[in-house]
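Asker:
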Amino acid sequence: MQAFRIPGNIVYGEEAISYLAQLEGKKAMLVTGGSSMKRSGFLDKATDLLKEAGMKVTLFDGVEPDPSVKTVFLGAKAMQEFCPDWIVAIGGGSAIDAAKAMWVFYEHPELTFSEIIEPFSIPQLRKKARFAAIPSTSGTATEVTAFTVITDTDTHNSLKYPLVSYEIIPDVAIVDPDLTVTMPSRVTAYTGMDALTHAIEAYVSTANSIYTDPLALEAIRTICTYLPKAFDNGEDKEARAKMHYAQCLAGMAFTNALLGVVHSMAHKIGAQFHIPHGEANATLLPYVIQYNAKNALERYADIARVLGINKPDSGEAVEKLVEFIKDLNRRVGMPVALNETDIPEDEFFAVLDETSRNALGDPCTGTNPRIPVVEDIKQIYTAAYLNKNVEI
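For the sequence shown, the working numbering begins at 1 and goes up steadily by one.
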């Protein structure tokens, strides 16, 4: 028996944020990151709408990129003092991810972080609060997923932990493209490539299904069509809307089909060298496709054909798909090899063994179409650093 889980309510389109005025509750805590939501006026608008709904509102802001365990516990403590019955996260993926983890420790203050690292170990929520998510970037789709990524900065190399539980799927996802117009082009690029990686990994995952496949393929087609347009012109409302909806489709696909070793490897190399998650995904994706093709050739060929790569030979189609993704990376300013980032070669190879072991143990590895060993991960990382073909 399988299940398909998404938020109970997905509200989308221009002015979708106004749905906040329809929420029923007494107290709401807004969780956000930096100042972009304040500068754009959306934070004040969300506050006013929640007050219109009859709620008292307080703010927890300053969530950093790659949110830390420390920030999560600070937010949980603030929630325990304010006692909200709605948690409303607005902003980028980091703000929503942090708020999800805060929610867990608000409802279960007796838990430690180590107790929820194991996938599906989070106990039942919603005894104290419900959760609404309003993304301002078009990438993580955390507003519809059972995932959140938190960084443990107490470890010597700041490990990222993807926490997985259907309990942390938001109750309400508000997908309003107006919030994305202020995204800089670089953020547009790496969030868009993150979304593309979600969709591709969901389609080739061993947990894919008849429910997730159409979502993944439509997300792939839409992202590859509209990401360059959104990158070139942030005020292109059609491109912004298409990207925002496509990343949500990808999220619904991967929260049910799960992911693969692109994410496993990106989590670890990103935390080690402070590379934006979407940039790490974008760079690693072509090399992982080469590795996985032995077990998922026809699935990748399906993706190639959706993108108009009409080669009758599946192997040739996948080779062209790899070229297509590298070209897309170049088109939106993403590196096509890790040596184009700020990672020094000596430092990269000094930690390669440890990073590879950590990537292998990441929860996303389990549904990759080809199950690797540490040496495989090392070879993929090395190929991605040197821009060489993966031939294992």
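Glycine included, each C-beta is placed from N, C-alpha and C at the ideal position.
Note that the coordinates shown come from a computational prediction; the quantities given were computed from them, not determined experimentally.
According to DSSP, is Arg331 helix, strand or coil?
Answerer: Stepping through the sequence shown from its first residue, residue 331 is reached at position 331. Arg331: helix per DSSP, three-state reduction.
Asker: With contact counted as at least three CB pairs below 8 Å, one residue from each stretch, are the segment 90-110 and the segment 26-44 in contact?
Answerer: The segment 90-110 is in contact with the segment 26-44.
Asker: Quick test of the definition: if touching needs 3 or more C-beta pairs under 8 Å, does the segment 165-182 touch the segment 3-19?
Answerer: Yes, they touch.
Asker: So does Gly92 have its beta carbon nearer than 8 Å to some heavy atom of the ligand FMN?
Answerer: Because no ligand of any kind appears in the structure shown, any question about the ligand FMN cannot be addressed here.
Asker: Tell me the DSSP secondary structure of Tyr161 in three-state form.
Answerer: In the sequence shown, counting from the first residue as 1, residue 161 sits at position 161. In this structure, Tyr161 counts as strand in the three-state DSSP scheme.
Asker: Taking the alpha helix (DSSP H) that Asn295 falls in, what are its first and last residues?
Answerer: Counted from its first residue, the sequence shown places residue 295 at position 295. Residues 277-306.
Asker: Going by alpha carbons, who is nearest to Ile122 out of Pro109, Ile134, Ala133?
Answerer: What you label residue 122 is simply residue 122 of the sequence shown in a count that begins at 1. The shortest Cα separation from Ile122 among Pro109, Ile134, Ala133 belongs to Pro109.
Asker: Checking 9 Å against the spacing of the C-beta atoms, do Phe273 and Asp342 come in under that value?
Answerer: Translated into the one-based positions of the sequence shown, residue 273 becomes position 273. Translated into the one-based positions of the sequence shown, residue 342 becomes position 342. Contact: yes.
Asker: Which runs of the alpha helix (DSSP H) at least 4 residues long sit entirely within the segment 244-270? Give them in chain order.
Answerer: Those alpha helix (DSSP H) runs which fall completely within the segment 244-270 and span 4+ residues do not exist here.
Asker: Would you report the Cα separation of Asp353 and Val390, rounded to the nearest angstrom?
Answerer: Reading the sequence shown from its first residue, position 353 is the one you call residue 353. Reading the sequence shown from its first residue, position 390 is the one you call residue 390. In a straight line, the C-alpha of Asp353 is about 18 Å away from that of Val390.
Asker: Rounded C-beta distance between Trp86 and Ala132? I'm assuming under 8 Å.
Answerer: For the purposes of this step, residue 86 is identified with residue 86 of the sequence shown, where counting begins at 1. For the purposes of this step, residue 132 is identified with residue 132 of the sequence shown, where counting begins at 1. That belief holds up - the Cβ atoms of Trp86 and Ala132 are roughly 6 Å apart, short of 8 Å.
Asker: Thinking C-alpha only, which one of Ala28, Asp213, Ala271 is nearest Ile303?
Answerer: By one-based count along the sequence shown, residue 303 stands at place 303. Considering only alpha carbons, the answer is Asp213.
Asker: Can you give me the C-alpha to C-alpha distance between Pro177 and Val57, rounded to a whole angstrom?
Answerer: Translated into the one-based positions of the sequence shown, residue 177 becomes position 177. Translated into the one-based positions of the sequence shown, residue 57 becomes position 57. Near 24 Å, if we compare the C-alpha coordinates of Val57 and Pro177.
Asker: I'd like the list of long-range same chain contacts for Lys51, defined as Cβ closer than 8 Å, with 5 residues on each side in sequence excluded.
Answerer: The residue you call residue 51 lines up with position 51 of the sequence shown. Taken in chain order, the residues that qualify are Val57.
Asker: Tell me whether Met102 sits in a helix, a strand or coil according to DSSP, three-state version.
Answerer: In the sequence shown, counting from the first residue as 1, residue 102 sits at position 102. Correct three-state label for Met102: helix.
Asker: Here's a check: name, in chain order, each residue in its chain whose Cβ is nearer than 7 Å to the Cβ of Ala384, leaving out the five neighbours to either side.
Answerer: For the purposes of this step, residue 384 is taken as the residue at position 384 of the sequence shown. Excluding sequence neighbours, Ala384 sits near Thr283, Leu284, Tyr287, Ala337, Leu338.
Asker: Mapping DSSP to helix, strand and coil, what is Met55?
Answerer: Reading the sequence shown from its first residue, position 55 is the one you call residue 55. Here Met55 sits in coil by DSSP.
Asker: Spatial neighbours of Arg330 within its chain, please: C-beta separation below 7 Å, excluding the five flanking residues on both sides.
Answerer: Indexing the sequence shown from 1 puts residue 330 at position 330. These residues qualify, in order along the chain: Val336.
Asker: Could you pull out every residue in the same chain whose Cβ sits closer than 6 Å to the Cβ of Ala280, ignoring the five residues on either side in sequence?
Answerer: As a first step, residue 280 is located in the sequence shown; it is residue number 280 there, counting from the start. Answer for Ala280: Ala266, Ile269, Gly270, listed in chain order.
Asker: Is the number of C-beta pairs between the segment 289-303 and the segment 361-379 that are closer than 8 Å three or more?
Answerer: Counting Cβ pairs under 8 Å, three or more are found: they touch.
Asker: Indicate the three-state DSSP secondary structure (helix, strand or coil) for Thr71 in the structure shown.
Answerer: Here residue 71 refers to the residue found at position 71 when the sequence shown is read from its first residue. Correct three-state label for Thr71: helix.
Asker: Could you pull out every residue in the same chain whose Cβ sits closer than 7 Å to the Cβ of Val164, ignoring the five residues on either side in sequence?
Answerer: By 1-based counting over the sequence shown, the position of residue 164 is 164. For Val164, where only same-chain residues beyond five positions count, the Cβ hits under 7 Å are Pro119, Phe120, Ala146, Phe147, Pro363.
Asker: Between the segment 249-263 and the segment 205-212, are three or more C-beta pairs nearer than 8 Å?
Answerer: With the cut-off at 8 Å, the segment 249-263 and the segment 205-212 touch.
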